[in-house]
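**Student:** Chains A and B, in that order, give the protein sequences.
For the first sequence, our numbering assigns the number 1 to the initial residue and increments by one for each residue that follows.
For the second sequence, our numbering assigns the number 1 to the initial residue and increments by one for each residue that follows.
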Amino acid sequence: ACAPAAPGPAAALLQALGLCDAPQGAPKPRPVPPVMWRLFRRRDPQEARVSPGRTPPGATLRRPCHVEELGVAGNIVRHVPDRGTRAGIPESAAAGQCSRWTVVFDLSAVEPTEQPSRARLELRFAAEEAAMGIEGDWELSLAQAAEGTGVGPVLLRQAVVSLGTPVRAELLGAAWSHNTSVPRSLHLVLALRHRATSACVHLAEASLLLVTLDPRLCHPLARLRR
Amino acid sequence: EADPVVGGGPGGSCRARRLYVSFREVGWHRWVIAPRGFLANYCQGHCSLPATLPGPGGPPTLNHAVLRALMYSAAPGAAGLPCCVPARLSPISVLFFDNSDNVVLRHYEDMVVDECGCR
Chain A
1 ACAPAAPGPA
11 AALLQALGLC
21 DAPQGAPKPR
31 PVPPVMWRLF
41 RRRDPQEARV
51 SPGRTPPGAT
61 LRRPCHVEEL
71 GVAGNIVRHV
81 PDRGTRAGIP
91 ESAAAGQCSR
101 WTVVFDLSAV
111 EPTEQPSRAR
121 LELRFAAEEA
131 AMGIEGDWEL
141 SLAQAAEGTG
151 VGPVLLRQAV
161 VSLGTPVRAE
171 LLGAAWSHNT
181 SVPRSLHLVL
191 ALRHRATSAC
201 VHLAEASLLL
211 VTLDPRLCHP
221 LARLRR
Chain B
1 EADPVVGGGP
11 GGSCRARRLY
21 VSFREVGWHR
31 WVIAPRGFLA
41 NYCQGHCSLP
51 ATLPGPGGPP
61 TLNHAVLRAL
71 MYSAAPGAAG
81 LPCCVPARLS
91 PISVLFFDNS
101 DNVVLRHYED
111 MVVDECGCR
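1. Apart from the five residues just before and just after ALA69(B), which ones in its own chain have a Cβ nearer than 7 Å to its Cβ?
2. Given this structure, state the Cα-to-Cα distance separating LEU140(A) from ALA12(A), to the nearest angstrom.
3. Determine whether the beta carbon atoms of ASP110(B) and PRO91(B) lie at a separation below 8 Å.
4. Check the Cβ-Cβ distances between LEU105(B) and every residue of chain A, and say whether any is below 8 Å.
5. Within the continuous alpha helix (DSSP H) that includes HIS64(B), where are the two ends?
6. By Cβ distance below 6 Å, which residues in the same chain neighbour ALA34(B) in space, the five residues on each side in sequence not counted?
7. Just to make sure I have the definition right: I need the residues of chain A whose C-beta is within less than 8 Å of the C-beta of VAL26(B). Which are they?
8. Distance check for VAL21(B) and LEU156(A), CA to CA, integer angstroms please.
9. Would you mind working out which of LEU17(A), PRO9(A), ALA10(A) sits nearest LEU217(A), comparing C-alpha positions?
10. To the nearest angstrom, how far is it from the Cα of GLY77(A) to the Cα of ARG106(B)?
11. Please check if any C-beta of chain B sits within less than 8 Å of the C-beta of ARG63(A).
12. Beta-carbon within less than 7 Å of ALA73(A)'s beta-carbon, same chain only, minus the 5 sequence neighbours each way: which residues are those?
13. Residues in the region 83-101 of chain B with C-beta within 9 Å of chain A's C-beta atoms, listed in sequence order?
14. Beta-carbon of HIS79(A) versus every beta-carbon of chain B: anything under 8 Å?
15. Which chain A residues are close to TYR108(B), counting only those with a beta carbon under 7 Å from its beta carbon?
16. Kindly indicate which residue of CYS116(B), TYR108(B), SER13(B), SER100(B) has the alpha-carbon position closest to the one of ASN75(A).
17. Is there a Cβ of chain B sitting closer than 8 Å to that of VAL32(A), yes or no?
18. Per DSSP, what kind of secondary structure is PRO34(A) in: helix, strand or coil?
19. Are the Cβ atoms of ASP106(A) and ARG195(A) separated by less than 8 Å?
20. Label ARG49(A) either buried or exposed according to how many other C-beta atoms from any shown protein chain fall within 10 Å of its C-beta, with 16 as the threshold for buried.
21. Within its chain, find whatever has a CB closer than 8 Å to the CB of GLY53(A); leave out the 5 residues flanking it on each side and keep chain order.
22. Is the CB of ALA48(A) under 8 Å away from at least one CB in chain B?
23. Mapping DSSP to helix, strand and coil, what is PRO35(B)?
24. Within 10 angstroms of its Cβ, does ASN179(A) collect 16 or more other Cβ (buried), or is it exposed?
25. Reducing DSSP to helix, strand and coil, say where LEU163(A) ends up.
26. For a contact defined as C-beta to C-beta under 9 Å, what are the partners of ALA34(B) on chain A?
27. Measure the alpha-carbon distance for GLY8(A) versus LEU14(A) and round it to whole angstroms.
Spelled out as structure tokens, the structure:
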């Protein structure tokens, strides 16, 4: 799917790595999410290698094309930040209800050949001390955003026990079905309600952890080894 | 960066030589978060007898390679020696920012030469 490589070793190496082109200019500085560091450190056997021919114990036991830590097949993991404004949707606030938020994930970097195996939405909420202290009985609902500020059908409802830790929800099978390729972008409307009180919180951060398998980088031999 | 081979030429019997690929050298250090580079290594060396026969713990020998080495020692002009090629490879992972500012972890199989063998 890439345009013919520009001459030169760097471009050839880039294509060999399955990347169409190098990001232009310096990326916006942003902290690397701890989960990505953790995944990198656990996957890269080179950290301990000191001379040709030696491999640290256990490194070669890793199943190729598989992300052990997340328990799914895959050789690409992306941490996709929310591009939406996370501003509450005004009419819900006006009606005295808690806010609903629109989150937007740009997935255009995912190639059509990549097969999704995991799409984990991660939400961090912030609120007054009192609301955060209310345990249990929160309910997260997730819907497809429709044109304008409309809300499409509810895709997922999930009980939330605590707001002190990130709230996670699996979107694969909910926001799009398992055997279809990844959409180019994902617009979702989120709402978090407390069943027993009218407490409200606001959404501090939203991100998506997407795992895909690019069969072109997964050699049959590697699969056989598995 | 590569270890210089002593005395020029293939130097000694077939084995892995150190080769370090630096992402800074190819100008990727701004968007590759980690690693800074990796030990890719490469294979070089003679595959004549007895080098073609494995040392203790070495890669399995291909009978065909031994046959070629024997033929070469008997009649050098007939067919060349076996080649010194990667016999065991291992993967690397690269963590980087892509064009959409996502943080991406990609895993690549067969990127590092751990062992060389005569084939």
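Beta carbons: idealized from backbone N, C-alpha and C, even for Gly.
**Tutor:** Reading off the structure:
1. For ALA69(B), the CB contacts under 7 Å within the same chain, skipping 5 residues up- and downstream, are CYS47, SER48, LEU49, THR52, LEU81, PRO82 in chain order.
2. Each residue's Cα considered, the two are about 46 Å apart.
3. Yes, the Cβ-Cβ distance between ASP110(B) and PRO91(B) is below 8 Å.
4. For LEU105(B), a Cβ of chain A is located within less than 8 Å of the residue's own Cβ.
5. 63-74
6. LEU95
7. PRO9, ALA10, LEU13
8. 46 Å
9. LEU17(A)
10. The question names Gly, but residue 77(A) in the sequence shown is Val. Taking the straight line joining both Cα atoms gives about 6 Å.
11. No, ARG63(A) lies away from the interface with chain B (no Cβ there is under 8 Å from its Cβ).
12. CYS65, HIS66, SER117, LEU213
13. ARG88, SER90, PRO91, ILE92, SER93, VAL94, LEU95, PHE96, PHE97, ASP98, ASN99, SER100, ASP101
14. yes
15. LEU17, LEU217
16. TYR108(B)
17. yes
18. helix
19. No.
20. With a pLDDT of 49 at ARG49(A), under the threshold of 50, the modelled position of that residue is not reliable, and the figure given next carries that caveat. Per the 10 Å Cβ criterion, buried.
21. The pLDDT assigned to GLY53(A) is 49, lower than 50, so where the model puts this residue is not dependable; a value taken from the coordinates is nonetheless given after this. Counting only Cβ-Cβ distances below 8 Å, and skipping sequence neighbours, we find nothing.
22. With a pLDDT of 43 at ALA48(A), under the threshold of 50, the modelled position of that residue is not reliable, and no figure is offered here.
23. coil
24. Counting Cβ neighbours within 10 Å, ASN179(A) comes out exposed, since fewer than 16 surround it.
25. coil
26. VAL32, TRP37, PHE40, ARG41, ASP44
27. 10 Å
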